[in-house]
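Visitor: Residue numbers (our numbering), protein chains in the order written: chain A, 1 to 592; chain B, 593 to 871. For reference, the structure I am asking about is given below.
Listed below in structure tokens is the structure:
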């Protein structure tokens, strides 16, 4: 269906005098005519709880800004005006969106060189990111400090943001991919990773690909949701929400204007699992999304992926194109008579956009600010329509469940945490990398599987910056949802960052606090100011040789409680958890 | 709503007291109905709630985190606590957070609430980040002093969806560095601003001020206690907007319109808001 292009939805928008250059106009035009099958050209959006507003092409704002950034090297006033006018978006709002993202620049850099992003988060700090930075600086590179780039298993990480040239990750060219557990017959989610040719639909089919979709079509939506529910599959992004309940809720909403979103925006420091899944098994992401679409009756699929993942993006795009060409996406998916197609969107450097409602706003062309819940995404999600959001690990689990039934899935793991779980091991560990073990595996066994801690173990950060530190006395803790909750810990997104006793833990904790300060969207007061003040307290502590005072300790607790209780979203809710666990374990805060 | 004569009522408990409110009303409405005073700053009676300041949070039985009363619809059987330890704590912290980074000296209500909840901004690390913005004086109609800005979004909403549909300003940047801004922070005359002044009308902290008020304050001659307010009807067109002319020393110093006026809901256009020099 061709896009219905109309005049500006807001006819009296005012644009400044700055005009786009020819190159800028070309960068804009390269995006806007594209409106593939899954595009929503005209939408009605409920704005913050009441009023509605028409937004014709606004959902193309972020892709257009990406295009300008990539071709020109920054978003100039003329470029912004051109984009805003073409899309019918007020320029002030377009500027608000452009300034939200780390990968977009709104000040003239004065050059057209590529920008080299160097990760400053814990795993890369342990692996010598400072030395790397010094070398790059000496070579005259345009270096930019970056939060976690999702390559912690091959730290220190680099990401090169191209101007006029493709983005690239140098490590992609230099290393052959090798899964540490390659050949292990116990692998389920990782079974095809490193085995299948990720660029070939043919190869995917040879490894059992698309059998699950055929089975799902035969079973019908209700039976598919029933086996997912019976399996006890829960979300792997951190919140562990039961997948079957989510799919059921979306399926129960009327109409076909519903969405399935694959949340590939993992940005939790220490997380790289979804990058590897998308790079090494992209068809599995596409197939499982399609099953979710048919099961929930959604006809629109979206992949929202980190802007720092060029290879995963290319492989997913290729997989979508091949699936579409083979009738596995489109108006009649694999002869099912149902419509489902997928559009891919790139994030632009914002941790908060992994929060599902911020992700919706980002796709819709608004600032990536989370929405208050309720209403929940299952009724008011993307474009205010019913939406199921899952991450790749969760989705791929559904494939085997559909084929083998829930009992096989439940034969691994524990009663309340069935199945297997991916863990991202990094830091002071023998063989960093992505591992899959059954839920319930003790932490110490997981570390041993990865070659054991290097040096004398001091602490493990479970769940990333939003997680908690645990000490060497927790090695017996079974890695399940229930056991970690009991221990006031979390599995989060499966991050396991290992620290030995030579690590400056104060620096690590200050960096975690800085991460939250930098990544807070700024919308709600508890998080916007709380993350700032928390960082200030820790910087003060770092600069002093005295132990944390009672007053400061109380202040940290008071701020934490307000962030947990009164913030809008999970970022604020978890912004103090690692800090407080470091204090209670005595990793920081003592006299040196 | 057409043809509906009777409203469905929902009954909720606020601090142990049963109150009935019409369906669609918020918890804040129910608190008002119960006579429970609630601190707010981003909430405005003429604006769609954006629930960002978190000052109006209440404890709702069955909810893990506190909920913003301004935007959460009241549902039958809800049990709400507005004065629990958790509520008092979060309100106090929000007030401390606001007063540590922002000049709230002209936000009277905020100061009263800060006292009420025992907020103590002095217990933070000395020299912490503040808004640190110069006053923007770019024309003769109104000024923007973002040192006083609490980022309540009210001006953005009034300029945009809630009243004017001009969209001259937005929130730009992220986190503590977020600021209200036109594109590339251009001056207001260069921006889409139409000088309706509806942003000034909804600003809760005086970050947006009439230039007349700003000049008098600079001269240390702003005397609200000596001012009178004269109600009249705007003489420019036939719409019939009510004006409230604030007069000091026989000079008009600013102009507002009542929030509850049928025609304006507090909003005016450039002529009504600023075009009174001829008087």
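Even glycine gets a Cβ: it sits at the ideal position worked out from N, Cα and C.
Among 443/A, 106/A, 362/A, which residue has its Cα nearest to the Cα of residue 352/A?
Guide: Out of 443/A, 106/A, 362/A, 362/A has the C-alpha closest to the C-alpha of residue 352/A.
Visitor: Please give me, in chain order, every unbroken run of the alpha helix (DSSP H) with length at least 4 that falls completely inside the region 663-728 of chain B.
Guide: Listed in chain order, they are 677-693, 700-708.
Visitor: Mind checking whether residue 495/A and residue 462/A have CB atoms under 9 Å apart?
Guide: Yes, they are a contact pair.
Visitor: By a C-beta neighbour count over all protein chains shown, 10 Å radius and 16 as the cutoff for buried, is residue 740/B buried or exposed?
Guide: With 16 or more Cβ atoms within 10 Å of its Cβ, residue 740/B is classed as buried.
Visitor: Label residue 245/A either buried or exposed according to how many other C-beta atoms from any shown protein chain fall within 10 Å of its C-beta, with 16 as the threshold for buried.
Guide: It is exposed - the Cβ of residue 245/A has fewer than 16 other Cβ atoms within 10 Å.
Visitor: If the criterion is Cβ atoms closer than 9 Å, does the pair residue 785/B and residue 751/B meet it?
Guide: A contact, by the Cβ cut-off of 9 Å.
Visitor: Compare the C-beta of residue 593/A against all C-beta atoms of chain B and say whether one is closer than 9 Å.
Guide: Because chain A spans 1 through 592 in this model, residue 593/A falls outside it and cannot be assessed.
Visitor: Is there a Cβ of chain A sitting closer than 9 Å to that of residue 809/B, yes or no?
Guide: Taking Cβ atoms only, chain A never reaches closer than 9 Å to residue 809/B, which makes this a no.
Visitor: Under the rule that 16 or more other beta-carbon atoms within 10 Å means buried, what is residue 577/A, buried or exposed?
Guide: Under this definition residue 577/A is a buried residue.
Visitor: Taking any Cβ of chain A, which residues in the region 752-763 of chain B have a Cβ under 9 Å from it, in chain order?
Guide: Residues 752, 753, 754, 757, 758, 759, 760, 761, 762, 763.
Visitor: Quick one: Cα of residue 423/A to Cα of residue 236/A, how far?
Guide: Approximately 10 Å, taken between the alpha carbons.
Visitor: Bridge partners for residue 341/A per DSSP, in chain order?
Guide: In the DSSP output, where bridge partners are listed per residue, residue 341/A has 300/A.
Visitor: Tell me the rounded alpha-carbon separation between residue 854/B and residue 349/A.
Guide: Cα to Cα, the separation comes out at about 46 Å.
Visitor: What's the C-alpha gap between residue 247/A and residue 406/A?
Guide: Answer to the nearest angstrom: the Cα atoms are 16 Å apart.
Visitor: Could you tell me which residues DSSP puts in a beta bridge with residue 846/B?
Guide: In the DSSP output, where bridge partners are listed per residue, residue 846/B has 838/B.
Visitor: Taking 9 Å as the cut-off, decide whether the C-beta atoms of residue 667/B and residue 604/B are in contact.
Guide: Result yes, Cβ atoms of residue 667/B and residue 604/B sit closer than 9 Å.
Visitor: Express the C-alpha separation of residue 143/A and residue 530/A in angstroms, rounding to a whole number.
Guide: Going by the C-alpha atoms only, they are around 29 Å apart.
Visitor: Would you mind sorting residue 871/B into buried or exposed? The rule is 16 or more other CB atoms within 10 Å of its CB.
Guide: When all chains shown are included, residue 871/B counts as exposed.
Visitor: Measuring CB to CB, does residue 284/A end up less than 9 Å from residue 399/A?
Guide: For residue 284/A and residue 399/A, yes; Cβs fall inside 9 Å.
Visitor: Taking C-alpha atoms, which residue in 150/A, 186/A, 185/A, 262/A lies nearest to residue 172/A?
Guide: Among 150/A, 186/A, 185/A, 262/A, the Cα nearest to that of residue 172/A is on 150/A.
Visitor: Quick one: does the C-beta of residue 270/A sit closer than 8 Å to a heavy atom of the ligand PLP?
Guide: The ligand PLP is absent from the structure shown, which contains no ligands of any kind.
Visitor: Does any C-beta atom of chain B lie closer than 9 Å to the C-beta of residue 85/A?
Guide: No, its Cβ sits nowhere closer than 9 Å to a Cβ of chain B.
Visitor: Check distances from the C-beta atoms of the region 711-731 of chain B to those of chain A and list, in chain order, the residues that come in under 7 Å.
Guide: Listed by position, the residues of the region 711-731 of chain B near chain A (Cβ gap below 7 Å) are 715, 716, 717, 720, 721.
Visitor: Check this for me: beta carbons of residue 618/B and residue 656/B, under 9 Å apart or not?
Guide: Taking 9 Å as the Cβ cut-off, residue 618/B and residue 656/B do not qualify as a contacting pair.
Visitor: I'd like the ranges of any alpha helix (DSSP H) spanning at least 4 consecutive residues and lying wholly in the region 395-481 of chain A.
Guide: Listed in chain order, the complete alpha helix (DSSP H) runs (minimum 4 residues) inside the region 395-481 of chain A are 406-410, 443-449.
Visitor: Would you call residue 516/A buried or exposed, if buried means 16 or more other Cβ atoms sit within 10 Å of its Cβ?
Guide: So residue 516/A ends up on the buried side.
Visitor: Please decide whether residue 234/A counts as near chain B, where near means a Cβ-Cβ distance under 9 Å.
Guide: No, no contact with chain B.
Visitor: With 16 other CB atoms within 10 Å as the buried threshold, where does residue 105/A fall?
Guide: Buried.
Visitor: DSSP state of residue 348/A, grouped into three classes?
Guide: The answer is coil: DSSP assigns residue 348/A none of H, G, I, E or B.
Visitor: Give me the Cβ distance between residue 472/A and residue 457/A, rounded to the nearest whole Å; I'm assuming they're in contact under 8 Å.
Guide: Rounded, the Cβ-Cβ distance is 5 Å, consistent with contact.
Visitor: Report the rounded CA-to-CA distance for residue 365/A versus residue 382/A, giving the unit in angstroms.
Guide: For residue 365/A and residue 382/A, the distance between alpha carbons rounds to 11 Å.
Visitor: Within the 9 Å Cβ cut-off, does residue 533/A reach chain B?
Guide: At least one chain B Cβ lies under 9 Å of residue 533/A.
Visitor: Return the residue from the list 520/A, 214/A, 215/A that minimises the CA-CA distance to residue 573/A.
Guide: Comparing Cα positions, the closest option is 520/A.
Visitor: Applying a beta-carbon distance threshold of less than 8 Å, which residues of chain A neighbour residue 697/B?
Guide: The contacting residues do not exist; residue 697/B stays about 18 Å from chain A at best.
Visitor: Starting from the beta carbon of residue 820/B, find every residue of chain A whose beta carbon is closer than 8 Å, and list them in chain order.
Guide: Chain A residues near residue 820/B: none, gap ~36 Å exceeds 8 Å.
Visitor: Closest to residue 330/A by C-alpha separation, out of 273/A, 233/A, 298/A, 167/A, would be which residue?
Guide: Looking at the Cα atoms, 298/A is the closest of the given residues.
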